[in-house]
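Residue numbers (UniProt numbering): 1 to 557.
What follows is a single structure, written as structure tokens, with notes after it.
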Amino acid sequence: MAAFGIRIVLLLAAFLLPLSVEAMVRHYKFNVVLKNATRLCSTKPIVTINGKFPGPTIYAREDDTVLIKVVNHVKYNVSIHWHGVRQLRTGWADGPAYITQCPIQPGQAYVYNFTLTGQRGTLWWHAHILWLRATLHGALVILPKLGVPYPFPKPNMEQVIILSEWWKSDTEAVINEALKSGLAPNVSDAHTINGHPGPVQGCASQEGFKLDVQPGNTYLLRIINAALNEELFFKIAGHELTVVEVDAVYTKPFKTDTIVITPGQTTNVLLTTKHAAGKYLVAASPFMDAPIAVDNKTATATLHYSGTLSSTLTTLTSLPPKNSTILATSFTDSLRSLNSKKYPARVPLKIDRNLLFTVSLGINPCATCVNNSRVVADINNVTFVMPKISLLQAHFFKIKGVFTDDFPGNPPVFYNFTGTQQPSNLNTMNGTRLYRLAYNSTVQLVFQDTGMITPENHPIHLHGFNFFVVGRGQGNFNPTKDPKKFNLVDPVERNTVGVPAGGWTAIRFRADNPGVWFMHCHLEIHTTWGLKMAFVVDNGKGPNESLLPPPSDLPKC
Numbered sequence: 001m002a003a004f005g006i007r008i009v010l011l012l013a014a015f016l017l018p019l020s021v022e023a024m025v026r027h028y029k030f031n032v033v034l035k036n037a038t039r040l041c042s043t044k045p046i047v048t049i050n051g052k053f054p055g056p057t058i059y060a061r062e063d064d065t066v067l068i069k070v071v072n073h074v075k076y077n078v079s080i081h082w083h084g085v086r087q088l089r090t091g092w093a094d095g096p097a098y099i100t101q102c103p104i105q106p107g108q109a110y111v112y113n114f115t116l117t118g119q120r121g122t123l124w125w126h127a128h129i130l131w132l133r134a135t136l137h138g139a140l141v142i143l144p145k146l147g148v149p150y151p152f153p154k155p156n157m158e159q160v161i162i163l164s165e166w167w168k169s170d171t172e173a174v175i176n177e178a179l180k181s182g183l184a185p186n187v188s189d190a191h192t193i194n195g196h197p198g199p200v201q202g203c204a205s206q207e208g209f210k211l212d213v214q215p216g217n218t219y220l221l222r223i224i225n226a227a228l229n230e231e232l233f234f235k236i237a238g239h240e241l242t243v244v245e246v247d248a249v250y251t252k253p254f255k256t257d258t259i260v261i262t263p264g265q266t267t268n269v270l271l272t273t274k275h276a277a278g279k280y281l282v283a284a285s286p287f288m289d290a291p292i293a294v295d296n297k298t299a300t301a302t303l304h305y306s307g308t309l310s311s312t313l314t315t316l317t318s319l320p321p322k323n324s325t326i327l328a329t330s331f332t333d334s335l336r337s338l339n340s341k342k343y344p345a346r347v348p349l350k351i352d353r354n355l356l357f358t359v360s361l362g363i364n365p366c367a368t369c370v371n372n373s374r375v376v377a378d379i380n381n382v383t384f385v386m387p388k389i390s391l392l393q394a395h396f397f398k399i400k401g402v403f404t405d406d407f408p409g410n411p412p413v414f415y416n417f418t419g420t421q422q423p424s425n426l427n428t429m430n431g432t433r434l435y436r437l438a439y440n441s442t443v444q445l446v447f448q449d450t451g452m453i454t455p456e457n458h459p460i461h462l463h464g465f466n467f468f469v470v471g472r473g474q475g476n477f478n479p480t481k482d483p484k485k486f487n488l489v490d491p492v493e494r495n496t497v498g499v500p501a502g503g504w505t506a507i508r509f510r511a512d513n514p515g516v517w518f519m520h521c522h523l524e525i526h527t528t529w530g531l532k533m534a535f536v537v538d539n540g541k542g543p544n545e546s547l548l549p550p551p552s553d554l555p556k557c
């Protein structure tokens with residue numbers, strides 16, 4: 001009888017265990033605190049999570065629920081965005097200040113509560129207010145469900161690699177000075193790899209990040225570009241990288257010695273340590289193919305084989321020219337969805353909404369600015385004005401006067417967007433204007449760069465959704481010819497996409513997530529200048545097709 005009882009208990013355990021394993025609730029506590037940090041041989045206080053820079057990595061598995069209590073101990077208002085998390089019906093946890101929540105005020109707290117439904121891979125989190133994300137950021141690693149393998153050779157080890165920028169000055173002072181003058185802000189003083197620039201001129205003593213490796217192993221590098229304003233090249237001397245995932249979506253594997261990654265994007269690569277010993281340079285350098293000032297300094301780290309003497313000379317590598325458009329385009333064009341039976345690419349084929357959004361810079365009057373004008377940015381000539389309460393609250397509680405839903409689906413004037421003859425009037429319209437979408441409607445959206453002031457590569461991030469990048473090209477989008485060349489079979493799926501300087505990018509997505517979803521350039525200065533808008537997606541008719549009500553601790557404005 002005792003044996004039978006034990007068997008029953010074991011049977012029950014066998015049934016219950018997968019359920020408990022597959023749907024864990026993971027708790028984290030984020031204390032927002034100031035911490036002194038020394039880089040480039042100078043020290044300044046920075047805003048951090050739990051005193052760490054970069055911040056702590058959140059680990060979870062697909063379909064887990066994550067609860068993160070954020071307690072604000074600094075003088076700034078704070079909000080945290082979980083970049084790339086779908087937030088199905090939980091827009092209150094998305095994080096952009098004044099879009100889905102009022103910020104967490106000094107001395108206050110808020111619990112972000114969301115489920116990682118059907119997602120696995122590398123995402124990240126960052127502050128989504130002011131320029132705090134310069135130091136307030138970290139990785140969000142979603143492992144596959146227990147027992148589910150990667151669709152590529154299992155790595156021996158994994159390593160998060162966060163690329164970022166560093167200013168000697170307080171970044172809030174940098175942007176405030178720029179807004180006061182109406183001009184562009186100072187570029188950063190260095191790039192960093194996992195928080196360290198490596199030795200630079202004027203501060204040769206500072207060490208860079210060191211990645212210790214064993215020969216003959218395979219490492220999964222989870223690379224994140226957390227820089228405020230700069231797209232980056234990343235390479236490792238003497239080693240090839242195999243790209244297997246971007247923005248937490250598996251890709252068809254391909255080999256390269258250099259990746260290009262825009263702010264907001266993540267890229268997973270496999271690195272095989274094929275040498276017996278040695279030290280190899282790891283480098284992150286800027287990509288900019290427009291006449292715009294960038295921080296030209298290269299961040300360096302070291303790939304260090306075990307047993308190699310520290311006195312061994314580091315094997316160096318040549319860096320791509322900063323304006324290497326061909327290299328960047330070749331990398332981007334190589335990205336394809338895995339599109340396997342287990343991980344299909346569900347590209348919308350029938351389209352309900354066809355949109356064309358120009359992404360531009362402009363100039364508006366400003367009596368107190370240096371030239372009596374200020375640089376602004378816009379989508380379809382609308383410079384977005386942030387509201388005083390969150391758009392999601394205004395939508396959910398039907399509060400009038402906060403926003404209008406008349407965002408233009410096309411530019412106000414059609415002209416040769418990428419030609420040398422640009423309009424003489426560079427003024428834009430101001431407004432808190434949203435574009436309304438019916439639940440489950442399908443959208444094709446073409447982003448068109450323009451030559452207003454200067455053409456420039458814009459990394460556009462859409463909250464609340466993944467999208468398929470079905471096409472891209474140089475010059476003006478041709479609605480008759482270009483769609484014939486779209487890839488509707490295995491286009492790359494992601495949440496942040498670069499619109500090429502002087503060109504266009506076409507994306508498709510299904511509006512299956514009710515709420516208000518921010519879309520903006522992930523160059524922080526362009527977001528500050530107004531290159532942003534939001535979609536409002538109405539509730540559907542089914543029981544699981546409506547935005548959930550707000551949590552009781554939602555911050556107040």
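Glycine is no exception: its CB is placed at the ideal position from the N, C-alpha and C atoms.
- With respect to the 8 Å criterion, threonine 442 and arginine 472 are not classified as neighbours on the basis of their beta carbons.
- For a cut-off of 8 Å, the C-beta gap from leucine 116 to aspartate 63 is around 6 Å, short enough to register as a contact.
- Asparagine 176 carries a helical assignment under DSSP once its states are collapsed to helix, strand and coil.
- Residue pairing from DSSP places aspartate 449 in a beta bridge opposite Val359.
- The DSSP-derived three-state label of isoleucine 379 is strand.
- Here tryptophan 124 has His83, His137, Gly138, Ala139, Leu140, Ile224, Ala226, Thr266 as same chain residues with Cβ atoms under 7 Å from its own Cβ, once five neighbours each way along the sequence are excluded.
- Taking every protein chain shown into account, the CB of tyrosine 415 has fewer than 16 other CB atoms within 10 angstroms, so this residue is exposed.
- Between the stretch 451-461 and the stretch 518-526 there are three or more C-beta pairs closer than 8 Å, enough to call the two in contact.
- The three-state reading of DSSP puts glutamine 393 in helix, counting H, G and I together.
- Between threonine 383 and phenylalanine 403 the beta-carbon gap is near 14 Å, outside 8 Å, which marks them as no contact.
- Put simply, of Pro321, Pro291, Gln101, Leu67 the residue whose alpha carbon is nearest the alpha carbon of leucine 554 is Gln101.
- For phenylalanine 396, the closest C-alpha among the options Ala283, Phe468, Val249, Ser546 is that of Ser546.
- Counted as a single uninterrupted DSSP element, the alpha helix (DSSP H) harbouring histidine 526 occupies residues 524-529.
- Counting only unbroken stretches of 4 or more residues, the alpha helix (DSSP H) elements lying wholly within the UniProt domain "Plastocyanin-like" (407-540) are 524-529, in sequence order.
- Straight across, the Cα-Cα distance linking leucine 355 with asparagine 410 is about 6 Å.
- For the 8 Å CB-CB criterion, leucine 488 and valine 470 form a contact.
- Per DSSP, reduced to three states, the secondary structure at alanine 127 is strand.
- Counted as a single uninterrupted DSSP element, the beta strand (DSSP E) harbouring alanine 284 occupies residues 279-287.
- Going by DSSP, isoleucine 351 is part of no beta strand (DSSP E) at all; its letter is neither H nor E.
- Considering only Leu40, Tyr112, Trp92, Thr90, the residue with the shortest C-alpha distance to valine 71 is Tyr112.
- Here glutamate 493 is near valine 249, since their CB atoms are less than 8 Å apart.
- The C-beta distance from valine 269 to phenylalanine 233 rounds to 13 Å, too long to meet the 8 Å contact threshold.
- With contacts defined by Cβ atoms closer than 8 Å, alanine 299 and alanine 204 do not form a contacting pair.
- Secondary structure at isoleucine 292: coil, using DSSP grouped into helix, strand and coil.
- Just measuring C-alpha positions, the residue of Asn156, Leu163, Thr171 sitting nearest leucine 130 is Thr171.
- The three-state secondary structure of serine 334, taken from DSSP, is helix.
- According to DSSP, residue pairing for glutamine 159 in a beta bridge involves Leu221.
- For the options Phe114, Ala178, Pro320, Met157, the alpha carbon positioned closest to that of arginine 89 is the one of Phe114.
- Relative to the Cα of phenylalanine 331, the nearest Cα in the group Lys274, Leu241, Ser360 belongs to Leu241.
- For lysine 69, the uninterrupted beta strand (DSSP E) run begins and ends at 65-72, by DSSP.
- If you draw a straight line from the Cα of aspartate 289 to the Cα of aspartate 295, it is about 13 Å long.
- With fewer than 16 other beta carbons inside 10 angstroms of its own, asparagine 372 counts as exposed.
- Here threonine 302 is near valine 282, since their CB atoms are less than 8 Å apart.
- Here the alpha carbon of arginine 353 sits roughly 6 Å from the alpha carbon of glutamine 444.
- Remark: C-beta atoms of proline 387 and arginine 508 do not approach each other more closely than 8 Å.
- The alpha-carbon of valine 187 is positioned some 28 Å away from that of serine 424.
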